[in-house]
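As structure tokens, the structure follows; a few thoughts come after it.
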Amino acid sequence: MIDLRSDTVTLPTDAMRAAMAAAEVGDDVYGEDPTMNRLQEAAARAVGKEAALFVPTGSMGNLLAVKCHTQPGDEILIERNAHILQFEMGGLAWLSGLTPQALDSNRGILDPDVVRANIHAHVPYYRMRTTLVCVENTHNYGGGSVYPLAVLQAIHAAAAESGVPVHMDGARLFNAAVALGVPAAEIAQHADSVMFCFSKGLSAPVGSVLCGTTAFIEQAMRVRRVVGGGMRQAGHLAAACLISLDEMVSRLADDHARARELAEGLARLPGVLVEPEHVQTNIVMCRLTAGPDACARLVSGLRARGVLVSQLTRDTLRLVTHRHIGYNEVYAALSALRECLEGA
Ligand code: TLP
1 MIDLRSDTVT
11 LPTDAMRAAM
21 AAAEVGDDVY
31 GEDPTMNRLQ
41 EAAARAVGKE
51 AALFVPTGSM
61 GNLLAVKCHT
71 QPGDEILIER
81 NAHILQFEMG
91 GLAWLSGLTP
101 QALDSNRGIL
111 DPDVVRANIH
121 AHVPYYRMRT
131 TLVCVENTHN
141 YGGGSVYPLA
151 VLQAIHAAAA
161 ESGVPVHMDG
171 ARLFNAAVAL
181 GVPAAEIAQH
191 ADSVMFCFSK
201 GLSAPVGSVL
211 CGTTAFIEQA
221 MRVRRVVGGG
231 MRQAGHLAAA
241 CLISLDEMVS
251 RLADDHARAR
261 ELAEGLARLP
271 GVLVEPEHVQ
281 TNIVMCRLTA
291 GPDACARLVS
301 GLRARGVLVS
311 QLTRDTLRLV
321 THRHIGYNEV
331 YAALSALREC
341 LEGA
């Protein structure tokens with residue numbers, strides 16, 4: 001199978017499996033897992049924050065961040081198609097009692113002026129208060145788009161003017177860093193907290209991390225315990241994540257090049273709308289111009305030919321490159337796509 005549904009399908013490397021088996025571990029609820037402690041220190045350092053907390057999923061990392069920055073009844077500003085808003089089961093309303101104010105964007109990238117205009121910080125008691133701005137970098141639904149540093153800086157400044165923190169859903173932060181050619185910390189400096197995942201393009205089997213100030217992370221630790229995320233000999237997982245940080249970051253450039261090649265191939269196919277020049281990282285979004293069932297038919301036609309892709313909306317597909325997708329897989333997927341589209 002050529003699996004283009006997500007970079008979450010990447011398998012652990014041999015080095016990860018060996019490191020997991022050999023990891024020195026202890027009880028992490030007591031803070032006594034040496035491998036976990038090493039990972040959390042390395043993760044905090046990588047993004048230039050004081051402290052980091054391991055969580056099993058990106059969704060849990062975002063949930064803890066949102067909970068710790070806000071109080072029930074508050075309002076948060078968030079891009080309309082953000083993962084936190086659309087794909088995390090309404091957790092922000094369910095578990096944090098928040099009202100999201102969904103903002104329009106350009107391929108997921110918020111405009112600092114729009115953010116500034118929508119912050120309700122100094123308001124009378126009968127108006128909801130904005131207490132958090134969320135940004136997503138890279139933006140999944142926006143097609144893996146990357147925030148320009150100046151835009152992030154301007155959003156952070158606009159929020160700070162009103163004393164409002166910024167949380168970055170950086171599930172694919174290292175894809176953004178590689179695309180911009182800067183250290184991840186240079187991006188993360190424009191957010192008060194940042195979550196990033198080891199389990200996507202960085203190939204670890206499990207794990208994400210939430211980073212911020214020491215006081216913030218101490219609070220997040222308490223909330224992690226509430227949602228059942230306190231783990232014991234979690235160093236076995238941390239061992240794989242350390243390899244993600246040490247060995248898997250620079251190769252993301254290959255995923256980006258292959259995604260661009262895939263998008264350029266898609267642009268030559270009949271009935272496909274795609275903008276290869278907007279493919280900055282490892283996610284390709286495309287739309288089909290044919291009728292309502294065309295996407296579903298294409299997805300099942302591709303599956304029959306050994307190619308898996310995700311259908312996001314009635315007419316939109318998402319294709320994601322990762323460590324198991326070389327140029328051979330890109331070209332094989334493109335010929336399966338051509339067969340299906342010309343047969344249709
Ligand atoms: N995204 C997954 C699916 O849930 C859609 C994927 O295949 O892309 N933030 C962003 C921007 C994400 O893309 C994801 C996962 C998460 C958070 C949540 O991470 P997990 O799945 O570890 O909870």
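All residue numbers in the sequence shown are consecutive under my numbering, ending with 344.
Quick reminder that beta carbons are idealized off the backbone N, C-alpha and C, glycines included.
Note that the structure is predicted; figures quoted are calculated from it, not measured.
Where residue i falls, given that 16 or more other Cβ within 10 Å makes a residue buried
i	result
Gly265	buried
Tyr327	exposed
Leu39	buried
Pro292	exposed
Phe87	exposed
Asp28	buried
Pro270	exposed
Ala150	exposed
Asp7	buried
Gly181	exposed
For residue i: DSSP bridge partner residues
i	result
Gln311	Leu317
Gln101	Leu77
Asn106	Ile109
Ser208	Val55, Cys197
Met168	Val135, Val194
Asp3	Leu308
Met285	Arg318
Ser145	His139
Thr13	DSSP lists no partner for Thr13.
Among the options, the one whose alpha carbon lies nearest that of residue i
i	options	result
Ile345	Asp254, Ala160, Arg297	Nothing in the structure corresponds to residue 345, since the chain is present only between 1 and 344.
Val330	His256, Thr289, Val227	His256
Ala102	Gly170, Asn81, Gly91, Gly90	Asn81
Pro72	Gly58, Asp113, Leu252, Thr131	Thr131
Asp169	Glu161, Val114, Gln280, Asp192	Asp192
Ser199	Ala215, Ala234, Ser244, Arg338	Ser244
Ser59	Gly235, Met89, Thr313	Met89
Ala176	Leu85, Thr8, Ala188	Ala188
Val206	Val55, Gly228, Val47, Asn282	Val55
Val375	Phe196, Thr57, Tyr147	For residue 375 there is no data in the structure shown, the boundaries of the chain being 1 and 344.
His153	Glu186, Tyr141, Ala259	Before going further, note that residue 153 is Gln rather than His in the sequence given. Answer by Cα proximity: Glu186.
Ile283	Asp74, Pro165, Ser310	Ser310
Ile84	Ala215, His190, Asn137	Asn137
Arg17	Glu339, Arg287, Ala240	Ala240
Ala259	Asp246, Ala23, Val274	Val274
Beta-carbon separation (whole angstroms), residue i vs residue j, contact threshold 8 Å
i	j	result
Val307	Ala336	5 Å
Ile76	Leu98	5 Å
Leu11	Leu210	Contact doesn't hold; Cβ gap of about 25 Å is too wide.
Alpha carbon of residue i to alpha carbon of residue j, nearest angstrom
i	j	result
Met20	Leu237	6 Å
Leu202	Val320	13 Å
Leu92	Cys134	12 Å
Leu262	Met285	11 Å
Asp104	Leu110	7 Å
Cys295	Ser145	23 Å
Beta carbon proximity, residue i to chain C, threshold 9 Å
i	result
Ile217	Included in the structure is just one protein chain, with no chain C present.
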